[in-house]
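Residue numbers (the numbering used here): 6 to 568.
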Amino acid sequence: MDTHTAPTSEKSDFIRDIVAADLRDGRVGGVMTRFPPEPNGYLHIGHAKSICLNFGIASEYSGRCNLRFDDTNPVKEEQEYLDAIKADVHWLGFDWGEHLYYASDYFEQLYDWAVYLIGQGKAYVDDLSADEIREHRGTLTEPGVESPWRNRSAEENLDLFARMRTGEFSDGSRVLRAKIDMASGNINFRDPVIYRILHVAHPRTGDAWCIYPSYDFAHGQSDAIEGITHSICTLEFQDHRPLYDWFIDNLPVPSTPHQYEFARLNLTHTVLSKRVLLRLVNDGYVHGWDDPRMPTLSGIRRRGFPAEGIRDFADMIGVARADSVVEVGMLEHAVRDVLNRTASRRFAVLNPLKVVIENFPEGQVEEMDVMNNPEDPSSGTRKVPFSRELWIEREDFMEDAPKKFFRLAPGREVRLRSAYFVTCTEVVKDGSGEIVELRCTYDPATRGGSAPDERRPKGTLHWLSAAHAVPAEIRLYDHLFASPFPGSDGRDLFDDLNPDSESVLSECFVEPALENPVVGVTVQFERLGYFCADPDSASGAPVFNRTLTLKDTWAKVQAQATS
RNA sequence: UGGGGCGUAGCCAAGCGGCAAGGCAGGGGCCUUUGGAGCCUCCAUUCGUAGGUUCGAAUCCUACCGCCCCAGCCA
């Protein structure tokens, strides 16, 4: 046993290194993390990275991860989002147990700490308007100038702040600011606003409050209340860390959490911005937050991506501090990898072409045994009816087929998967020259898909018995954005939307076993891809979403030939 | 021209002074009742650039270049 090599399955990244070192050196007695979404939108794949990180670290170090809603801005937050977020985190496979918290649970304590700061001469009520405060803040290169209200007495500040709470003042007329340093190079130190007046009902506290703490004043203190040891957030909060620490240092908080930042996830052909996602929904570019094209967890769930694939993806991409854009193909790989192992195989024909087996007895039906998943023999077999008239995929026949086309063509023999070898003998066309039917013969000795003489057709096709096939609607999805970097080079993001991201096929067929599919379960349609029954399915009228295609080297060959 | 970060292959990412992990993508081959899957194999003499320290540098020092974030009473 090589004692120098750690097991490769052990996850490692700079945050886990810090956690391990803190534990080893006794800086912390245990690990406590939290996932802190703001309930102002749906969770997306970028949040999944954070969820996997926070819950993952907690479980690896026998610690705990709280789910805490950062609900400090009632003008943007809604109950619908609260509910969806909880469902999404559970779906992803994580559980916070009893530890569901809200920043709003701490409003009273936060208020007391604001009063404490005032008492220390470290916070003051400012009567300046928002515009005036901005003007006083200075710029990136010039220091700010102090507010004329900066040096009010503690008594006056206490009185004013109390009256802010009771609702005596209108929105925007006054704020409470921390008194730090208007000349700091870090703009977050230029007397940040820590309380604002908002006469808005809060989803949880109703109209109990008309003043609300800002993120900076709420987040670190909430962490301290919960005993969070490692407060993990994204890079854009780096500049806030000194302020985070300032509050922890200047308030009588019960613990001293520390903040660590990592690079947020970016994905090609995708936008992960709540603002843009909201607009895609509100302006009708997609059908809703759970549209299968959306990068939201509810969207990819409806699309058929398994949670395990998302978790694998999170492990695959790692955690670092460098800005990066992950190719969406990596996500798709993780999803295919899981689905290949777990998805049951089924037959479906998206674009049907009729085939008549001339030497197969009319009215006869044979039940063919078909494997549910060749990757998993324990999944067993199922019966699929075979008869004289079949559907095959239109793309699986070519009248003038090149040598490399390993499918059906006049005179060529192919295998119908788990059924028989058939040979095309005649092409039937309508008045306009369109192929409407194929006449074939079958070899009765090849039942099950293999020949006694060992001959092996180059191609194997999927098929359906026309009399038994179940009509289905199948929705094909592709990347929502055509450009790998939507909105780059000054383009309007919305001009980069892929016009072909959704196409609905209404004249498809699936095998009888799929007549009443379980919604949310992803199966593989052999040779086509992975598909997931949509909630829009009705009894006997199933609707499937294409999760992902199978890798298609034939398509690649064709593309190379064309170019 | 202020402050904070980051630069290792097409993409993600290990590496922490001893001679460039791994994954994705891609190439070649084998195998195959899914042109799927699987298996084998190739893919950075070089770590943003230039100097310096050292027997030895992606790792240390210096300078430069490039990219990202910050001027909400958003988070």
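Ideal placement from N, C-alpha and C gives every residue a C-beta, glycine not left out. These numbers come from a predicted model, not from an experiment.
What does a CB cutoff of less than 8 angstroms around residue 219 pick up in its chain, not counting 5 residues either side in sequence?
77, 197, 198, 199, 200, 201
Under 8 angstroms by Cβ, that's how I've got residue 130 and residue 203 pegged, so tell me the actual separation to the nearest angstrom.
Their Cβ separation, rounded to whole angstroms, is 16 angstroms, which puts residue 130 and residue 203 out of contact at 8 angstroms.
Let's see if you can read the secondary structure: which residues bound the alpha helix (DSSP H) around residue 255?
246-255
For residue 89, is the classification buried or exposed, using 16 other Cβ atoms within 10 angstroms of its Cβ as the cut-off for buried?
buried
Please state whether the Cβ-Cβ distance between residue 40 and residue 23 is less than 8 angstroms.
no
If you reduce the DSSP assignment to three classes, tell me which class residue 38 lands in.
strand
Rounding to the nearest angstrom, what Cα-Cα distance links residue 554 and residue 98 in this structure?
About 25 angstroms.
Is the distance from the Cβ of residue 80 to the Cβ of residue 205 below 8 angstroms?
yes
Between the C-alpha atoms of residue 138 and residue 177, what's the straight-line distance to the nearest angstrom?
11 angstroms
I'd like to confirm the pairing. Which residues does DSSP put opposite residue 434 in its beta bridges?
440
On the three-state DSSP scale, how would you describe residue 94?
Residue 94 falls in the helix class under three-state DSSP.
Below 8 angstroms, how does it come out for the segment 268-281 and the segment 522-531: are there three or more Cβ pairs, yes or no?
no
State the beta-bridge partners of residue 470 as determined by DSSP.
395.
Measure the alpha-carbon distance for residue 20 versus residue 266 and round it to whole angstroms.
Approximately 9 angstroms, taken between the alpha carbons.
Since residue 418 sits in a beta bridge, which residues does DSSP pair it with?
428
Can you have a look at residue 145 and say buried or exposed, based on whether 16 or more other CB atoms are within 10 angstroms of its CB?
exposed
Just to confirm, is the Cβ distance from residue 361 to residue 442 under 8 angstroms?
yes
Can you give the Cα-Cα distance for residue 462 and residue 293, rounded to whole angstroms?
46 angstroms
Helix, strand or coil for residue 348 per DSSP?
coil
Considering residue 538, what are the terminal residues of the beta strand (DSSP E) in which it resides?
Taken as a continuous stretch (DSSP letters only), the beta strand (DSSP E) holding residue 538 covers 534-538.
Quick one: is residue 546 buried, meaning 16 or more other Cβ sit within 10 Å of its Cβ, or exposed?
Residue burial annotation: residue 546 is exposed, with fewer than 16 other C-beta atoms found within 10 angstroms of its C-beta.
Buried or exposed: which applies to residue 26, given that a residue is buried once 16 or more other Cβ atoms fall within 10 Å of its Cβ?
exposed
Helix or strand or just coil, what does DSSP make of residue 242?
Helix.
Can you tell me whether residue 95 is buried or exposed, with buried defined as 16 or more other CB within 10 angstroms of its CB?
exposed
Please check the pair residue 395 and residue 468, which I expect to be a contact at CB under 8 angstroms, by giving their CB distance rounded to whole angstroms.
5 angstroms
Assuming residue 46 contacts residue 285 (C-beta within less than 8 angstroms), just tell me the rounded distance between them.
Not really, about 11 angstroms apart at Cβ, beyond 8 angstroms.
With DSSP as the reference, please indicate the residues paired to residue 265 in a beta bridge.
DSSP, once it has assigned bridges, lists 237 as partnering residue 265.
Nearest CA to the CA of residue 2: which residue from 516, 418, 62?
As shown, the chain starts at 6 and ends at 568. That puts residue 2 outside it, with no answer to give.
Quick check: the Cα distance between residue 326 and residue 107, rounded to an integer number of angstroms?
28 angstroms
On the DSSP letters alone, give me the boundaries of the beta strand (DSSP E) that residue 217 sits inside.
Element bounds for residue 217: 216-218.
So what's residue 144 in DSSP terms, helix, strand or just coil?
coil
Let me know the secondary structure DSSP gives residue 6 once reduced to three states.
Confidence in residue 6 is poor, its pLDDT being 31 and thus under 50, which makes the residue's placement unreliable; the coordinate value appears in the next sentence. Residue 6: coil per DSSP, three-state reduction.
Within the same chain, show all residues whose beta-carbon is closer than 8 angstroms to that of residue 477, passing over the 5 residues directly before and after it, in chain order.
Counting only Cβ-Cβ distances below 8 angstroms, and skipping sequence neighbours, we find 353, 513, 514, 515, 519, 546, 547, 548, 549.
Name the two residues that bound the continuous alpha helix (DSSP H) containing residue 315.
312-322
Three or more C-beta pairs under 8 angstroms: does that hold for the segment 116-131 against the segment 248-257?
yes
Do you know offhand how far residue 31's Cα is from residue 499's?
51 angstroms
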